[in-house]
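Colleague:
Residue numbers (the numbering used here): 938 to 1253.
1. Use the C-beta contact count for residue 975: other C-beta atoms within 10 angstroms, 16 or more gives buried, fewer gives exposed.
2. By the 10 Å Cβ neighbour count, where 16 or more other Cβ atoms means buried, how is residue 998 classified, buried or exposed?
3. Taking buried to mean at least 16 other C-beta atoms within 10 Å of its own C-beta, is residue 1163 buried or exposed?
4. Assess, as a yes-or-no matter, whether the stretch 1002 to 1015 is touched by the stretch 968 to 988 under the definition of 3 or more beta carbon pairs within less than 8 Å.
5. Just reading off the beta strand (DSSP E) that residue 1137 is part of, what are its end residues?
6. Taking the continuous beta strand (DSSP E) assigned at residue 1196, which residues delimit it?
7. Pick out whichever of 1138, 1201, 1057 and 1178 has its Cα sitting closest to the Cα of residue 1168.
8. With the cut-off set at 9 Å, would you say residue 1030 and residue 1069 are in Cβ contact?
9. State the beta-bridge partners of residue 1168 as determined by DSSP.
10. By the DSSP assignment, the beta strand (DSSP E) with residue 977 in it spans what residues?
11. Determine the DSSP secondary structure at residue 1014, reduced to helix, strand or coil.
12. With a threshold of 16 other CB atoms inside 10 Å of the CB of residue 1126, please say whether the residue is buried or exposed.
13. Checking the sheet assignment: what are the DSSP bridge partners for residue 1025?
14. On a CA-only basis, which of 1214, 1002 and 977 is nearest residue 1024? Give me that one, please.
15. For residue 1019, name the three-state secondary structure that DSSP assigns.
16. Return helix, strand or coil for residue 970, following the three-state DSSP convention.
17. Short of 6 Å in beta carbon distance, which residues of its chain neighbour residue 1182, apart from the five on each side in sequence? Order them along the chain.
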C-alpha cells in the first residue's frame, strides 16, 4: 500500500510541475501581493514612498522534496513630486525540476483627477529565464528524452491601470500582455510560442474605527488564467496606527491564511503569513509559510499646495 501511495503522490507532483510550466509563470503570494502590488501591476510603482524596497520568501508543502519556493524583491522610487514612479522587480520561482527567474523594470505615470483622486497608468518590461533540469530524474530508461536540460530567455511586456484616493483603490493588469518564446525548439512550450496571459484585478477600502489609530481594511485580489479556475482572495486586516496589523484571507478553492505585520525599526516592517490548505492538496504538505521585510523612506518635504499634491495609495 505504501508503494502505491508513494506512486500516486509522484504522479500528482509531476502533474503539478506540468501545470506550473504551462500556466504559472507568475508567482503566488499571500501578504506580499498587497504590500508590493507592482509585482503584478506596474501602475502601483512608486506609490509606497519616496523610496521603497521589499524582499519576500515563500515556501509550501515542506514535507516533500522539490516543494515550491519563491523569492521576490522590488526597488521603487517616486519621481516628479509623485507624478510618476520607476522601479525594478525580480522573482525566482522553483518547483521540482523547473526554475523561473524574472527581471522586470516598471514605470508608472499618474494623472490627478481631483484633490483626492488619482488615475495611474503603468508599463513593465523585462524577461524570464525558464530553466528545466531533468538530469536527476529517476526514470525506467537511461535514454529517456526527459534526461536533458532546457533553458530559454523570454522577453515580456505588461500593462496596468489603477484608480485610487486616500481610502480606496481599484486596479487591473496583464503582466504578460506581450511575451514571445523565440526558440520553438524549447521542449516544454505548449502555448504556440507565447507565454501565458494572466489577468489580475484588485480592490481595497479603508474603514476608520478610530481616526488615525484603528483601521479596518478589506481587500479583494482576483486572478484568471485560461488553464485554471477563476480565483479570488478575500481578505480583512485590522491596523493599529498604520504600522501594526493582523488579518486573515480566504483563497477560493485553495487555502485560508493568517497574516501579521510589525514595525522593527524606523521605516522597516516585517510581515509573516501562513496558509492552511483546505483543498485536496493538503495531503501533500503542511501549508505555506511566507515572510516579507520592507524598507520605506520619505524625505522631508516642503509644503506643497493641495492642487499639486498627489494622494498616496492606501497601505494594505
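Ideal placement from N, C-alpha and C gives every residue a C-beta, glycine not left out. The structure displayed is predicted, hence computed values, not measured ones.
Modeller: Judging by the given coordinates:
1. Walking along the chain shown from the start, residue 975 turns up at place 38. Burial call: buried.
2. On the chain shown, residue 998 is found 61 positions in, with the first residue counted as 1. Flag for residue 998 reads buried.
3. To locate residue 1163, count along the chain shown from 1; it is residue 226. Counting Cβ neighbours within 10 Å, residue 1163 comes out exposed, since fewer than 16 surround it.
4. yes
5. Walking along the chain shown from the start, residue 1137 turns up at place 200. Counting along the chain, the beta strand (DSSP E) containing residue 1137 begins and ends at 1136 to 1142.
6. Taking the first residue of the chain shown as position 1, residue 1196 is located at position 259. Counting along the chain, the beta strand (DSSP E) containing residue 1196 begins and ends at 1192 to 1202.
7. Residue mapping note: residue 1168 aligns to position 231 of the chain shown, counting from 1. If we check each option's Cα against that of residue 1168, 1138 comes out closest.
8. For the purposes of this step, residue 1030 is identified with residue 93 of the chain shown, where counting begins at 1. For the purposes of this step, residue 1069 is identified with residue 132 of the chain shown, where counting begins at 1. Not in contact: residue 1030 and residue 1069 (Cβ atoms no closer than 9 Å).
9. Taking the chain shown and counting its residues from 1, one reaches residue 1168 at position 231. Answer by DSSP bridge pairing, in chain order: 1160.
10. Taking the first residue of the chain shown as 1, we reach residue 977 at position 40. Unbroken run through residue 977: none, as it is neither H nor E.
11. Start at 1 with the first residue of the chain shown, and residue 1014 comes out as number 77. If DSSP states are grouped into helix, strand and coil, residue 1014 belongs with the strands.
12. If you number the chain shown from 1, residue 1126 lands on position 189. Confidence at residue 1126 is low in this model, with a pLDDT of 42, below 50, so its placement is unreliable and no value can be given for it.
13. Counting from one through the chain shown, the residue named residue 1025 turns up at place 88. The partner list for residue 1025 (beta bridge, DSSP) reads 1012 and 1042.
14. Start at 1 with the first residue of the chain shown, and residue 1024 comes out as number 87. Of the candidates 1214, 1002 and 977, the one whose C-alpha sits nearest the C-alpha of residue 1024 is 977.
15. Working through the chain shown from its first residue, we reach residue 1019 at position 82. In the structure shown, residue 1019 sits in a helix (DSSP, three-state: H, G or I).
16. Locating residue 970 in the chain shown gives position 33, where the first residue counts as 1. Helix, per DSSP.
17. In the chain shown, counting from the first residue as 1, residue 1182 sits at position 245. These residues qualify, in order along the chain: 1174, 1176 and 1198.
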